[in-house]
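Undergrad: Protein chains in written order, with this note's numbering: chain A, 4 to 144; chain B, 4 to 144; chain C, 4 to 144; chain D, 4 to 144.
Even for Gly, the Cβ is constructed at its ideal location relative to N, Cα and C.
These numbers were taken from a predicted model, which means no experiment stands behind them.
First, the structure itself, so that you have it in front of you.
There are 4 protein chains.
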Amino acid sequence: MVPTSIRVIYGDTDQMGVVYYANYLRYFEAGRSEFLRARGLTYRDFEEAFRLRLPVAEAGVRYRLPARYDDLLTVETSLVQVRRASARFEYRVVRPDGAALATGHTVHACVDLDGRVHRMPRDLLDRLADGEPPTPGPTQE
Amino acid sequence: MVPTSIRVIYGDTDQMGVVYYANYLRYFEAGRSEFLRARGLTYRDFEEAFRLRLPVAEAGVRYRLPARYDDLLTVETSLVQVRRASARFEYRVVRPDGAALATGHTVHACVDLDGRVHRMPRDLLDRLADGEPPTPGPTQE
Amino acid sequence: MVPTSIRVIYGDTDQMGVVYYANYLRYFEAGRSEFLRARGLTYRDFEEAFRLRLPVAEAGVRYRLPARYDDLLTVETSLVQVRRASARFEYRVVRPDGAALATGHTVHACVDLDGRVHRMPRDLLDRLADGEPPTPGPTQE
Amino acid sequence: MVPTSIRVIYGDTDQMGVVYYANYLRYFEAGRSEFLRARGLTYRDFEEAFRLRLPVAEAGVRYRLPARYDDLLTVETSLVQVRRASARFEYRVVRPDGAALATGHTVHACVDLDGRVHRMPRDLLDRLADGEPPTPGPTQE
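What follows is the structure, encoded as structure tokens:
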């Protein structure tokens with residue numbers, strides 16, 4: 004698990020006085036990006052070095068407690084499954100007092116720059132797995 | 004089903020040249036709002052007249068094909084289930100050529116202005132159901 | 004002047020109960036895009052046909068009255084000046100009752116796809132000017 | 004001057020491959036919020052303790068160089084003028100190599116919770132000025 008800090012700005016809130024629901028997907032992205040950085044690669048490298056992309060195929064969020072303006076949130080990001088050509092991340096958004104405000108997941112396809120499904124490179128898999136073994140999916144080789 | 008038109012602006016896209024994944028939840032909200040308006044009530048009325056809110060408890064999206072800058076999208080919004088104190092909407096985002104770019108859902112709790120779970124008023128249920136019978140949930144009375 | 008309708012969604016508001024200040028720049032962009040469409044060209048065409056871009060060099064907004072959730076706003080967009088390699092748009096965001104909520108402007112450079120300043124093509128100038136003569140700038144030829 | 008770090012996420016970029024122009028106003032807000040925190044008060048406190056708000060009356064940005072995905076930006080925020088019932092902040096967004104990508108300003112009115120213009124409290128002025136004397140405006144008393 005890799006933690007990422009997020010300070011809620013006014014622009015993240017809505018008139019209900021809480022963080023607007025779509026913004027959790029932005030927080031998840033920030034968490035995912037820091038997860039990759041903690042594994043020694045940036046998503047920018049990913050595109051440039053591997054000539055691959057990881058577009059989101061699926062996303063889901065469960066909203067448990069509202070986040071509010073100026074809250075210092077932590078997005079806890081885990082890579083929970085890597086398959087031949089996809090990966091699944093899970094996220095918890097927690098407050099300093101430990102309360103889990105939201106949980107969610109994203110599933111990413113691995114595609115080349117022309118958008119065709121592409122097998123995850125072994126080198127990438129090794130680096131992603133570094134320090135925290137993701138669950139191998141049944142179709143991973 | 005209630006259709007809502009959305010014109011994709013530059014600010015909705017990301018550097019992959021497609022609509023950023025979080026923005027579909029904004030599109031869903033626009034669809035939901037127009038759904039309520041087509042039923043003769045606005046979400047603003049909902050808060051003011053019924054003294055209730057419908058915060059999102061859960062959201063999910065499946066991304067099938069990318070939406071691009073200047074696309075004229077239609078969000079097709081349906082209310083598929085109403086329970087005693089919750090409601091589930093489903094969404095399809097389609098292009099003029101009929102291609103479904105994304106599908107998704109949101110589940111909303113019905114709460115009062117203090118955030119306590121509150122039974123959906125009968126009057127509200129009648130208006131929501133107008134023209135398109137939602138599937139009654141097992142706990143609805 | 005070209006009018007564009009914008010329905011304020013929840014995601015546009017902040018906890019002060021009004022539209023968040025950055026979102027007016029999104030509204031301006033929607034207005035600018037419809038302005039070009041009304042002149043028979045889309046910004047997408049602009050990039051593809053002319054191989055040019057119009058990045059924003061400067062933007063300003065004066066906030067006069069707050070816009071609120073579910074307001075049906077009109078962005079009134081005018082092209083007020085075209086120079087050799089730049090253009091200035093002005094915007095008014097008005098409510099149905101005619102109240103001007105915000106006014107603003109953007110200045111755009113004309114650059115080629117490598118980012119170098121490029122003279123506005125005559126054909127483009129003619130189309131932009133169609134129906135509403137912008138003020139020629141002193142350096143325009 | 005108070006510095007604030009911002010990591011550019013994918014959701015901040017647009018299809019031109021650079022940060023979308025409206026997002027600089029979000030960055031400015033983050034900078035302003037950290038500026039207040041560095042002065043020992045949060046904007047949340049401001050609303051709760053002083054029963055006042057600082058809505059934006061005017062904003063402007065000059066875009067000099069594009070910010071890109073994953074850039075680690077610094078927003079340098081200064082309070083440059085405090086008048087009887089308004090304040091002006093200025094911002095520079097810089098890259099680690101020192102390049103100034105954008106500069107801008109915001110002017111804020113001081114209003115009470117009913118939206119009426121309200122004189123800046125002396126206690127607030129003292130705290131804002133702490134460590135960095137803002138230029139007193141001509142109408143300040």
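Is E37(A) closer than 8 angstroms to T80(A) when the C-beta atoms are compared?
TA: Yes; because the gap between Cβ atoms is below 8 angstroms, this pair is in contact.
Undergrad: Thinking just about the alpha-carbon of each residue, which of A105(A), R87(A), G20(A) and T77(A) is nearest to the one in M4(A)?
TA: It is T77(A).
Undergrad: Tell me where the alpha helix (DSSP H) around G43(D) begins and ends.
TA: Premise fails: G43(D) is in no alpha helix (DSSP H) and is neither H nor E.
Undergrad: Can you look up Q18(C) in the DSSP assignment and give me helix, strand or coil?
TA: It is coil, neither helix nor strand.
Undergrad: If you pair each beta-carbon of the segment 14-21 of chain B with each one of the segment 82-93 of chain B, do three or more pairs fall below 8 angstroms?
TA: Flag = no, the segment 14-21 of chain B and the segment 82-93 of chain B do not touch.
Undergrad: In its own chain, which residues sit with a C-beta less than 8 angstroms from the C-beta of L66(B), not counting the 5 before and 5 after it?
TA: Going by the sequence as given, residue 66(B) is Tyr instead of Leu. Within the same chain, Y66(B) has close Cβ partners Y24, Y27, L104 and A105.
Undergrad: Determine the direct distance from the alpha carbon of M19(C) to that of T142(B), and round the result to whole angstroms.
TA: Confidence at T142(B) is low in this model, with a pLDDT of 43, below 50, so its placement is unreliable and the value that follows should be read with caution. Going by the C-alpha atoms only, they are around 37 angstroms apart.
Undergrad: Please list, in chain order, all residues of the same chain as A132(B) whose beta carbon is under 7 angstroms from its beta carbon, the five residues on each side excluded.
TA: If we look at A132(B) and ignore the five residues flanking it on each side, it has no Cβ neighbours.
Undergrad: Applying the criterion that 16 or more other CB atoms from any shown protein chain within 10 Å of the CB defines a buried residue, is A102(C) buried or exposed?
TA: With fewer than 16 other Cβ atoms within 10 Å, it is exposed.
Undergrad: How is L128(A) classed by DSSP in three states: helix, strand or coil?
TA: Reduced to three states, the DSSP call for L128(A) is helix.
Undergrad: Taking only the alpha-carbon atoms, compute the straight-line gap between R71(C) and F31(C) and give it to the nearest angstrom.
TA: Roughly 17 angstroms between the two C-alpha positions.
Undergrad: Could you tell me which uninterrupted alpha helix (DSSP H) segments, each at least 4 residues in length, are contained entirely in the segment 45-133 of chain C, listed from first to last along the chain?
TA: Correct list: 46-52 and 125-132.
Undergrad: Classify V120(C): buried if its beta carbon has 16 or more other beta carbons within 10 angstroms, exposed otherwise.
TA: Exposed.
Undergrad: My understanding is that R98(A) touches D74(A), with C-beta atoms under 8 angstroms, so please give their C-beta distance in whole angstroms.
TA: The Cβ separation is near 6 angstroms, so the contact holds.
Undergrad: For H108(A), which of L57(B), R29(B), R10(B) and E61(B) has the nearest alpha-carbon?
TA: Nearest C-alpha to H108(A): E61(B).
Undergrad: Can you round the beta-carbon distance between R54(A) and L116(A) to whole angstroms, since I take them to be within the 8 angstroms contact cut?
TA: Confirmed, Cβ separation roughly 6 angstroms.
Undergrad: Are there 16 or more other CB atoms within 10 angstroms of the CB of R125(D), so buried, or fewer, so exposed?
TA: When all chains shown are included, R125(D) counts as exposed.
Undergrad: For the segment 78-94 of chain D, which residues have a CB atom closer than 9 angstroms to at least one CB atom of chain B, in sequence order?
TA: Flagged: no residues at all.
Undergrad: Tell me which residues of the segment 33-51 of chain D have at least one Cβ-Cβ distance to chain C shorter than 8 angstroms, keeping chain order.
TA: So nothing in the stretch comes that close.
Undergrad: Applying the criterion that 16 or more other CB atoms from any shown protein chain within 10 Å of the CB defines a buried residue, is A52(A) buried or exposed?
TA: The residue is exposed, with fewer than 16 neighbouring Cβ atoms inside 10 Å.
Undergrad: Whose C-alpha, out of T45(A), S89(A) and R47(A), is nearest the C-alpha of V114(A)?
TA: Minimum Cα distance to V114(A) is reached at S89(A).
Undergrad: At 7 angstroms on the CB atoms, spell out the chain C contacts of A25(A), in chain order.
TA: Within chain C, the residues near A25(A) are G14.
Undergrad: What in chain B is Cβ-close to V11(A), meaning under 7 angstroms?
TA: Within chain B, no residue comes near V11(A); the closest Cβ sits about 15 angstroms away, beyond 7 angstroms.
Undergrad: Taking the Cβ atom as the reference point for each residue, do G34(B) and T7(B) lie within a distance shorter than 8 angstroms?
TA: Taking 8 angstroms as the Cβ cut-off, G34(B) and T7(B) qualify as a contacting pair.
Undergrad: In the DSSP assignment, find the beta strand (DSSP E) that holds I9(C) and state where it starts and stops.
TA: Run containing I9(C): V5 to R10, per the beta strand (DSSP E) assignment.
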